[in-house]
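In structure tokens:
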């Protein structure tokens with residue numbers, strides 16, 4: 036099973052196939068089908084006629100919530116710089132295990148900023164999974180808890196800061212060649228020493244991580 040994934044909000048009802056109208060209410064059901072999660076978005080009418088009674092007793096049901104549908108923005112919008120949310124999407128789409136800790140930190144940071152809302156958490160095969168929703172788009176993110184230790188937090192925060200600054204494909208680093216040209220004096224060496232990247236956006240994640248880890252499963 037892929038623990039990291041994005042479940043995009045549907046543009047039409049899963050029951051009647053009628054497109055959602057802008058600002059119309061919709062209902063989301065999330066099911067665990069072993070190989071993957073499956074979300075079903077249904078309109079208000081279908082919810083009342085087919086799902087409101089007994090939906091939680093259906094096989095594989097794990098979560099439910101209600102939202103307001105927002106029509107997607109028109110295409111050809113200006114390209115935006117890398118943000119924490121866009122970076123999280125890129126990491127999940129890449130599905131590289133080396134970024135699991137960074138993705139978890141990004142999710143916690145976005146939860147603190149109220150850009151993601153936690154909808155559900157549960158244990159699967161001994162690992163804790165969090166289900167987050169982005170209210171603006173309605174997309175759902177499932178994030179695995181890497182069991183991050185607090186003594187590793189600073190290193191992961193720095194990794195996230197570097198990813199936010201340079202993206203997943205940073206430009207070649209020319210530091211060694213430049214350093215070879217510098218005078219080898221103590222003062223020059225101190226000035227030429229690379230500084231660790233700051234992580235202003237990730238600062239303060241520790242309390243949120245502790246809260247997330249303390250939530251009952």
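In the numbering used here, the protein residues as written are 36 to 252.
Note that CB positions come from ideal geometry on N, CA and C, so glycine has one too.
| Check | Outcome |
| --- | --- |
| Locate the beta strand (DSSP E) running through residue 193, then write down its first and last residues. | Element bounds for residue 193: not the beta strand (DSSP E) but the alpha helix (DSSP H), 188-201. |
| How is residue 124 classed by DSSP in three states: helix, strand or coil? | helix |
| Is there contact here, the segment 140-155 with the segment 165-172, by at least three beta-carbon pairs under 8 Å? | yes |
| From residue 163 to residue 177, what does the alpha carbon distance come to, in whole angstroms? | 10 Å |
| Whole angstroms is fine: what's the gap from residue 50's alpha carbon to residue 60's? | 15 Å |
| Roughly how many angstroms lie between the CA atoms of residue 86 and residue 45, to the nearest whole one? | 17 Å |
| Using DSSP bridges, identify the partner residues of residue 78. | 61 |
| Give the DSSP-derived three-state secondary structure of residue 46 in the structure shown. | coil |
| Sorted by chain position, which residues of the same chain lie with C-beta nearer than 8 Å to residue 99's C-beta, five sequence neighbours on each side aside? | 62, 63, 64, 65, 90 and 91 |
| Exposed or buried, residue 142, counting other C-beta atoms within 10 Å across all chains shown (16 or more means buried)? | buried |
| Which class does residue 138 belong to by DSSP, given the choice of helix, strand or coil? | helix |
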